[in-house]
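These notes concern the structure reproduced below.
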Amino acid sequence: MSNGAKHHILFVDDDADFLLTLRDLYGMMSEHSWEIFTATSANKALEVLDAHRIDLVVVDVNMPVIDGIQFIGMLQRRHPKLKRAVLTGLASQEKRTAALANGADLFIEKASSPEGYRSIFAMLGELLQWMPREGFQGVLRKVGLNDVIQMECLARNSSVLEIYNEHVLGRIYIQDGQLIHAVGGDLTGEHALYKLLSLPGGSFELAQFEHPPEKTLGGSWEMLLMEAARLRDENAAQTSSKPDEVDPQTLMVAANSTTSSHLEETLVCTRTGDTLFDAAPEEAEARVAWLQAVEQRAAELSRILPLGSFDRLETQTMEGRILSVSRGGKLVYVRVSTALGNK
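The sequence shown finishes on residue 342 if you use numbering that gives the first Met the number 0, and the numbering steps up by one all the way, no holes.
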């Protein structure tokens, strides 16, 4: 996961042995790009914050004197620019709601398996990479709407994203980490989702989950976000070539004419080949090798002619297409089969 930048993370938990395990495990997994500090109480955590520059604080809920939710609220007031996460072994919807209301950017349940700790590592890595940007802004800082959806899905949360701008009021429903429904104006389902994700600005809020009137989205959230990004890129290319002839329906036309897709494989790994998510057949090692080769060739092409970053390769096949993505320290392989026809 190392990209040359050093991140400083403070874990706060009254279990000293658990802290030592996290420090050793995540130090190794980050290839020592994470400098990890630990504290067994809120007071000791404040001492660390006074002595060191910290990028992210990860707090347990159940601690003596000052519990984690109270401490998160204190950090929000004293260190408003600090990223904050809650990591607890006794998760509940009430605690999640209280933690987010007090300023937590992320609420995670402690893992019970190595795969779970790898997932937590990935989620904390995503949170560390959140950067302020113009456009959407909401209760989880100024971040891209895609980033918020990705964080909610990775954490397997249930929530409703309410999106506003001058013309559009929309909602995206997430249940147990899956996109299940979207509505925007008169549109529903994928058309609504793609339109909402194409908005150039506005605001959003994360609301408490409620069941939608219908379920209009299926398949994996990864594939839906990738398809939205593809449509957005196509729309941007068309509008940049014809700046005086911007058609507000361009995106919807592209969505209507897109072939229907069925997700066949998904694999996510680190640049060093450690698998983070595997929904691929037994040839997963070949997929990892392919992703590493694509990233290596991309770097070589960038050195030959500096035309900008190259982080995405789309390969057409007889059955559909393959997406190979290198982004945020991770490599992603997605294969979809397609069927011709309008949606």
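Every residue, glycine too, gets a C-beta built ideally from N, C-alpha and C.
- Within the region 164–235, the complete beta strand (DSSP E) segments of 3 residues or longer fall at 168–174, 177–183 and 202–207, listed in chain order.
- Annotation: W33 to E125 spans about 13 angstroms, alpha carbon to alpha carbon.
- Non-local C-beta neighbours of A121 in its own chain, meaning closer than 7 angstroms and more than five positions away in sequence, comprise L153 and L275, ordered along the chain.
- Distance from the Cα of I53 is smallest, within the candidate group S40, L74 and I68, for L74.
- Note that the C-beta distance between L266 and V293 is not below 8 angstroms.
- The DSSP-derived three-state label of V47 is helix.
- By the criterion of at least three beta-carbon pairs nearer than 8 angstroms, the region 10–29 is not in contact with the region 92–103.
- For H180, the number of other beta carbons within 10 angstroms of its own is at least 16, and it is reported as buried.
- Out of G272, R302 and S301, the CA that lies nearest to the CA of V331 is found in G272.
- For L81, the closest C-alpha among the options S118, S112, H7 and A110 is that of H7.
- The continuous alpha helix (DSSP H) containing I303 extends over residues A283 to I303.
- Where I53 is concerned, there is no enclosing beta strand (DSSP E), because DSSP gives it neither an H nor an E.
- Within the same chain, and ignoring the five residues on either side of E318 in sequence, the residues whose Cβ sits closer than 6 angstroms to its Cβ are S336.
- DSSP lists L55 as the beta-bridge partner residues of K82.
- Under DSSP, the beta-bridge partners assigned to G319 are S336.
- A distance below 6 angstroms between beta-carbons, with the five flanking residues on each side excluded, links L223 to the following residues of its chain, in chain order: L178.
- Nearest C-alpha to E226 among F10, N145 and T37: N145.
- Residue environment for N42: exposed (fewer than 16 other C-beta atoms within 10 angstroms of its C-beta).
- Distance between D14 and R76, taken at the CA atoms: about 26 angstroms.
- Taking a contact as a CB-CB distance under 8 angstroms, the pair I35 and F10 counts as one, their CB atoms being some 7 angstroms apart.
- In this model, L160 and V60 are separated by some 25 angstroms (Cα to Cα).
- Residue F70 holds the alpha-carbon nearest to the alpha-carbon of L48 among D66, V64 and F70.
- Here the alpha carbons of A44 and I68 stand approximately 14 angstroms from one another.
- When DSSP states are grouped into helix, strand and coil, E161 belongs to the strand group.
- Residue pairing of H6 in beta bridges, as defined by DSSP: W33.
- Contact between E221 and V333 holds: their C-beta atoms lie close to 7 angstroms from each other, under 8 angstroms.
- For L144, the enclosing alpha helix (DSSP H) starts and ends at L144 to L153.
- Under DSSP, the beta-bridge partners assigned to T314 are I321.
- The secondary-structure analysis by DSSP pairs F106 across a beta bridge with V85.
- For L196, the closest alpha carbon among the candidates D232, F208 and S323 is that of D232.
- In this structure, DSSP gives A97 a helical state, which the three-state scheme calls helix.
- The residue from L168, H78, I107 and F203 with its alpha-carbon nearest to that of L89 is I107.
- Annotated as proximal: S157 and D175, with beta-carbon spacing under 8 angstroms.
- CA-to-CA, the gap between V287 and V56 works out to about 32 angstroms.
- Listed in chain order, the non-local C-beta contacts of I65 below 6 angstroms within the same chain comprise A41, local neighbours out to five positions each way being set aside.
- DSSP lists V11 as the beta-bridge partner residues of A38.
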